[in-house]
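All residue numbers for the sequence shown refer to our numbering, where the first residue is 4 and numbers rise by one.
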Amino acid sequence: MIRLGVNIDHVATVRNARGGTHPDPVGAALLAAMHGADGITAHLREDRRHIRDEDMQRLRRELTVPLNFEMGATEEMVGMACALRPHACCLVPERREEVTTEGGLDVAGQMNDLRGKVARLKDAGIRVSLFVDPDPAQIEAAAAIGGQVVELHTGAYAHDDGEAEFRRLFAGAQAATANGLELHAGHGLTYANVGRVAGLPGLKELNIGHFLIGEAIFSGLPAAIARMKQEIATGALFRAVVR
Ligand SMILES: CC(=O)[C@@H](O)[C@H](O)COP(=O)(O)O
Ligand SMILES: NCC(=O)COP(=O)(O)O
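Written out as structure tokens, the structure reads:
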């Protein structure tokens, strides 16, 4: 079964809009876990625009499902992660001026720097994932520097919904398996577009946030998670049947 990691960043975005403590992203994470989330993802951005350091510490203390710490590949973040020891870290590219993560990490272009950081995270007992575009060269580089997982950036597919982007994801999925990497995917996924991604060969985990938190306004978080899990299961089953 494909695992669903619920990203709670945008609960913190709403909290931070008024500067208080409500809504609490850790409370949302606990609710999500109680209602079927297989893991929780939180992105501690360098500018702390949503998740904050104390949220990560509370998530680490209070969660009983795996915590996936998304972070830029900086010295500060690697140090924090090694101290926190979450289940997993996903290294993502970050630009302060971006609205959201616009593309995958350029692993091939910074292999020497990333190799050392990946090794330090692994030595701390953390499973290391690289958030990459579905580009075979980036996926091979992720394996070459010791990464254990690649998370394919599904943003281009989600925004275009085009056949060409889906084919790129498919080729990326094949490259991940060929390089011995566990395959995850995420970014911009919705009820409407998640099914095809769930059918990617070898897919083990999806990380979904913005849409789920938005839907929770209308249906509540438990119902949004249940519906997303149903769409994922249907997509995976369809793929298995037509294979
Ligand atoms: C890496 C990724 O795709 C998501 O975690 C995303 O970064 C959520 O946070 P933002 O909306 O701040 O980009
Ligand atoms: N890594 C992708 C993620 O955690 C969620 O992205 P989104 O659903 O908030 O776009």
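We put the beta carbon where it would ideally sit given N, CA and C, even for glycine.
Computed from a predicted model, the values in this text were never measured in an experiment.
Non-local C-beta neighbours of Ala147 in its own chain, meaning closer than 7 Å and more than five positions away in sequence, comprise Met114, ordered along the chain. Counted as a single uninterrupted DSSP element, the stretch harbouring Thr44 is not any alpha helix (DSSP H) but the beta strand (DSSP E) occupying residues 42 to 46. Assigned with DSSP and collapsed to three states, His187 falls in strand. CA-to-CA, the gap between Arg118 and Gly175 works out to about 21 Å. A distance criterion of 8 Å places the beta-carbon of Asp41 beyond contact range of ligand 2, judged by its closest non-hydrogen atom.
Closest in C-alpha terms to Arg48, from the list Leu108, Gln177, Glu185, Arg99, comes Arg99. By a beta-carbon distance limit of 8 Å, Gly238 contacts Val197. Their separation comes to about 6 Å. Of the residues Gly30, Gln151, Ala159, the one whose Cα lies closest to the Cα of Leu94 is Gln151. Within the DSSP secondary-structure output, Cys92 pairs in a beta bridge with Phe72, Val131. Bridge pairing for Ile211: Val9 [DSSP].
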